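To start, the structure under review is shown below, and the notes come after it.
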Amino acid sequence: MKIVNYIIILLLIGTSCKGKSEENNRTEKPKSEIIKTNEFELIKAENQKGLLILFPCFPCDAENTLSEFDISEISVKNDFSVLAMNLNQRLYLSQKEKQELAEQLTKIVKGQNLSEENIFIGGFSSGGNISLLISDYFVKNKSQIQPKGVFIVDSPIDLLALYNTAKKNLELNFSEPSIQEAKWIKDFFDNEFGNPKNGIANYENNSPSTYETQNIHNLKGLQNLKIRFYTEPDLKWWKENRKNDFEDLNAFYIEKLSDKLKTEFGNKNIELIKTENKGYKANGERHPHSWAIVNEKDLMKWMTE
C-alpha cells in the first residue's frame with residue numbers, strides 16, 4: 102500500500118535568500134505522523150483543527166481504506182487528522198457493540214490527543230452503516246465525542262431489503278460473485294434475525310432504516326448533523342453484471358432514506374450525491390460500488406465550511 106509521509110521539502114531554487122524563502126513558503130507541506138496499531142491507522146496532522154473517522158467495507162481494513170480512498174494528503178493540508186479503523190465484518194451494531202465502539206473511539210481520541218472540535222465520521226459499504234449507527238449513539242447518549250457530520254458511500258442501509266435482494270439474486274442464479282454473496286447474506290440473516298416471513302422486528306431494531314415500514318428510529322439522533330449520501334446508480338452496469346433492477350440497489354434505498362430524513366428532520370444539511378462513471382477500484386477495475394465515487398476535495402470543503 103502506498104502511504105504518503107508528509108515532510109517539509111526545501112527547494113533550493115534561485116540565488117537569493119529571499120527567493121529561497123518565497124519558494125519554500127509555496128512548496129512546504131504540513132507535517133503528519135503515521136501511527137499503526139491492531140485497532141486503527143492514524144494519519145495525525147501536526148496542527149489539528151478536525152478529525153475524520155473512517156470505517157471500512159465488510160472484508161476490508163484500514164490499509165484498504167487508505168489505499169482506495171485518497172483522502173490523507175488533502176486532510177492533513179486542511180489540518181484534519183484521519184483515523185481509519187480496522188473494525189469490519191459488521192452490517193449493524195448491537196447495543197453492547199455500540200457502547201464498546203464508543204468507548205474505544207473515545208479512548209483513541211483522548212490517548213492520541215486528537216481534536217474533539219470538528220469530528221466527521223464516514224464509511225464505505227457496511228462501514229457506512231456503522232458510521233450512521235455510532236453517530237446516532239454518540240448524539241443520543243451525549244457522549245464526549247459529538248460528530249458534526251456523517252457520510253456514507255453506497256451502503257446497504259436497509260437490512261431487510263438486503264435480505265430480499267439476496268433471495269432474489271439466488272433465484273436469478275446469475276453471476277458467481279452475486280450468487281456467493283447472496284447465499285452468505287441470506288444464511289447470515291436467517292441465523293441472526295430469522296426469516297422475515299416470521300416477523301421483521303429484528304431487522305427494524307438493528308437496521309439503520311427499513312423502507313418497507315418507513316422506520317428510521319436508529320437515526321433520530323442525526324437530526325442536527327450534516328449528512329451526505331454518496332451513490333453511483335449505474336443501472337446499466339448492475340444489469341449486465343448482476344441482472345439487478347434499480348429497486349435492488351443500495352442507491353435506491355439511500356435515495357429513499359435521504360427523502361425521508363429531509364421530510365422528518367427538515368434538515369437542509371442533508372445531501373444526496375449521485376455520481377456517473379466515477380466508480381473504479383484502485384487497480385483500475387470499473388465498479389460503481391467503490392470509494393472512488395467520493396470527490397475528496399469536495400468532501401473536505403464540506404467538512405471545513
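Under the numbering used here, the residue at position 137 of the sequence shown is numbered 238, and the numbers go up by one with no gaps.
For glycine and all other residues, C-beta sits at the position ideal for the given N, C-alpha and C.
Computed from a predicted model, the values in this text were never measured in an experiment.
Query, Result
"Does ARG329 come out as helix, strand or coil in the three-state DSSP assignment?", "strand"
"In or out: ILE50 buried (at least 16 other Cβ within 10 Å) or exposed?", "Any property of residue 50 remains undetermined from this structure, which presents the chain solely from 102 to 406."
"Which parts of the segment 249-300 are runs of the beta strand (DSSP E), unbroken and 3 residues or longer, counting only runs that do not cross its ends?", "250-254"
"Quick one: is SER182 buried, meaning 16 or more other Cβ sit within 10 Å of its Cβ, or exposed?", "buried"
"Would you list the one or two residues that DSSP bridges to ALA185?", "GLU142 and LEU155"
"Based on DSSP bridge pairs, tell me the residues matched to THR311.", "ASN316"
"Going by DSSP, what residues sit across from TYR381 in a beta bridge?", "ARG387"
"What's the gap between the Cα of TYR331 and the Cα of GLY250?", "14 Å"
"Specify, as a first and last residue, the run of the beta strand (DSSP E) that GLY223 falls within.", "220-225"
"What separation, rounded to the nearest whole angstrom, lies between the Cα atoms of LEU178 and ALA302?", "With the sequence shown as reference, residue 178 is identified as Lys, and Leu is not the correct amino acid for it. About 46 Å."
"Helix, strand or coil for LEU194, going by three-state DSSP, please let me know.", "coil"
"For TRP392 and LEU234, I'd like the C-alpha separation in whole angstroms.", "20 Å"
"Tell me the rounded alpha-carbon separation between PRO157 and ASP288.", "22 Å"
"Which partner residues does ILE136 have in the DSSP bridge list?", "LEU143"
"How about ILE231: is its Cβ closer than 8 Å to a heavy atom in the ligand NAP?", "This structure simply doesn't include the ligand NAP, nor any ligand for that matter."
"Figure out for me which residue from GLN205, ASP180, LEU155 and PHE159 has the closest Cα to the Cα of LYS145.", "ASP180"
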